[in-house]
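If you're matching positions, the sequence shown starts at 597 in this note's numbering and goes up one per residue.
Read through the structure below, which is laid out as structure tokens, and then see the notes.
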Amino acid sequence: MGKTSRNFWLLLITALFVMFSLVLVFILTGAFRRPDSTIVLPDPNQSGPAGLDGLAPVYLNEPAEFLAMDLNEDNIVSVIQSLQRPEHYAAIYKEALYAAEARPPAITETSVARKNGMTRFEITPAKGRPYMQLVTEKYLYSFQNGSAGVVKTHRGPWEHDRLGSLPSYIILANQAKARIVRCGVEERDGIFLIVVEAQVGNYRETYAISLVHGLLVSLESKENGTTVYQLSLERLDLTEPADALFLLPNGQMPE
Numbered sequence: 597m598g599k600t601s602r603n604f605w606l607l608l609i610t611a612l613f614v615m616f617s618l619v620l621v622f623i624l625t626g627a628f629r630r631p632d633s634t635i636v637l638p639d640p641n642q643s644g645p646a647g648l649d650g651l652a653p654v655y656l657n658e659p660a661e662f663l664a665m666d667l668n669e670d671n672i673v674s675v676i677q678s679l680q681r682p683e684h685y686a687a688i689y690k691e692a693l694y695a696a697e698a699r700p701p702a703i704t705e706t707s708v709a710r711k712n713g714m715t716r717f718e719i720t721p722a723k724g725r726p727y728m729q730l731v732t733e734k735y736l737y738s739f740q741n742g743s744a745g746v747v748k749t750h751r752g753p754w755e756h757d758r759l760g761s762l763p764s765y766i767i768l769a770n771q772a773k774a775r776i777v778r779c780g781v782e783e784r785d786g787i788f789l790i791v792v793e794a795q796v797g798n799y800r801e802t803y804a805i806s807l808v809h810g811l812l813v814s815l816e817s818k819e820n821g822t823t824v825y826q827l828s829l830e831r832l833d834l835t836e837p838a839d840a841l842f843l844l845p846n847g848q849m850p851e
């Protein structure tokens, strides 16, 4: 009887030791580790191919949890402002202004270049001559191609955000009369976007902002259900723009 009891306890201790060893192995290998819910965003300054492929997808460990983020009218502006934008990039935007339903829209193309805290806009309107704008921390320079004349003014608070950037300033500027109707995170063709709908008077404005780059991807404005304005990002290049792009007509760098 004593020998049988000793064998039982020996087998039990051996079994417990084996089970403990297996549990330890699983823990060390991560089999029992709780899934990491941290949102992993790619480096917004990482070079990518030109075009919209530069808007690389957001790689998430738990996309469902991220898509269920509680975004609301109280926190959406601060969330958008917290997005990190590339230190340098070049982008092309197209703006469509609809004067009447029966007429084709007037198309304006704007090239945007960002480098060393400066932003350069080259605006090609539907009618009229193309013109440039250079924005620094202090000044806004405006001039036309082939012209030596430059208009220099102190810049307003939003010139850097005129295009291709965070639309939070629009929401803030219209805060007295704007109402956030809907906001959340959506996936479009592998690109994760913050989408915000705001009602401003008779206008319903919809913004889509890349979570990776913090750049405005699209904007649509409707008046009483009819589209009156559209803006879309047509091309994005994260290669550092050349210094020559930021020179004034006299060959000098802006202040």
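Every residue, glycine too, gets a C-beta built ideally from N, C-alpha and C.
query: Counting pairs of beta carbons, one from the stretch 836 to 848 and one from the stretch 818 to 827, are three or more of them closer than 8 Å?
result: no
query: Around the Cβ of Ala-804, are there at least 16 other Cβ atoms within 10 angstroms (buried) or fewer (exposed)?
result: Looking up residue 804 in the sequence shown gives position 208. With 16 or more Cβ atoms within 10 Å of its Cβ, Ala-804 is classed as buried.
message: Below 8 Å on the Cβ atoms is my contact criterion, and I expect Pro-850 with Ala-686 to pass it. Report the Cβ-Cβ distance as a whole number of Å.
response: In the sequence shown, residue 850 corresponds to position 254, counting from 1. In the sequence shown, residue 686 corresponds to position 90, counting from 1. Between Ala-686 and Pro-850 the Cβ distance is about 18 Å, and since that is not below 8 Å, they are no contact.
Neighbour-count burial assignment, Gln-729, 16 or more Cβ in a 10 Å radius: Along the sequence shown, one-based indexing puts residue 729 at 133. Result: buried.
message: For Lys-734, tell me which candidate among Thr-715, Leu-829 and Ile-719 has the shortest Cα-Cα distance.
response: As a position in the sequence shown, residue 734 is number 138, starting the count at 1. For Lys-734, the nearest C-alpha among the options comes from Thr-715.
query: With DSSP run on the structure shown, which of helix, strand or coil describes Val-746?
result: Counting from 1 along the sequence shown, the entry for residue 746 is found at position 150. Here Val-746 sits in coil by DSSP.
- request: Measure the alpha-carbon distance for Leu-580 versus Val-708 and round it to whole angstroms.
  value: Given a span of 597 to 851 for the chain in the structure shown, any question on residue 580 remains unanswerable.
task: Identify which residue in Thr-706, Arg-710 and Asn-741 has its Cα closest to the Cα of His-809.
output: Counted from its first residue, the sequence shown places residue 809 at position 213. Checking every option, the nearest Cα to that of His-809 belongs to Arg-710.
message: Considering only DSSP beta bridges, list what Lys-818 is partnered with.
response: Here residue 818 is taken as the residue at index 222 of the sequence shown, counted from 1. BP columns for Lys-818 point to Arg-800 and Thr-823.
query: For Tyr-694 versus Leu-829, is the C-beta distance shorter than 8 Å?
result: Sequence index remark: in the sequence shown, residue 694 carries index 98 (1-based). Sequence index remark: in the sequence shown, residue 829 carries index 233 (1-based). No, the pair does not count as a contact, with Cβ atoms beyond the cut-off.
- prompt: Which whole-angstrom value describes the C-beta separation of Thr-802 and Glu-816, a residue pair presumed to lie in contact below a C-beta threshold of 8 Å?
  reply: Counted from its first residue, the sequence shown places residue 802 at position 206. Counted from its first residue, the sequence shown places residue 816 at position 220. Confirmed, about 5 Å.
message: Quick check: what's the CA-CA separation for Tyr-737 versus Thr-835?
response: As a working note, residue 737 is residue 141 in the sequence shown. As a working note, residue 835 is residue 239 in the sequence shown. About 24 Å.
field: Euclidean distance between Cα positions of Tyr-799 and Leu-812
entry: For the purposes of this step, residue 799 is identified with residue 203 of the sequence shown, where counting begins at 1. For the purposes of this step, residue 812 is identified with residue 216 of the sequence shown, where counting begins at 1. Approximately 19 Å, taken between the alpha carbons.
- request: Give the C-beta separation of Asn-741 and Pro-726 to the nearest angstrom, bearing in mind that I take them to be a contact with Cβ-Cβ under 8 Å.
  value: Counted from its first residue, the sequence shown places residue 741 at position 145. Counted from its first residue, the sequence shown places residue 726 at position 130. Confirmed, Cβ separation roughly 6 Å.
message: Short of 7 Å in beta carbon distance, which residues of its chain neighbour Ile-672, apart from the five on each side in sequence? Order them along the chain.
response: Here the question's residue 672 lines up with position 76 in the sequence shown. Excluding positions up to five away in sequence, the list reads Ile-776, Cys-779 and Val-792.
message: Between Leu-807, Asp-785, Ala-744 and Ile-703, which has its C-alpha nearest Gln-680's C-alpha?
response: Taking the sequence shown and counting its residues from 1, the one referred to as residue 680 is at position 84. Selected option, being the one with the closest Cα: Leu-807.
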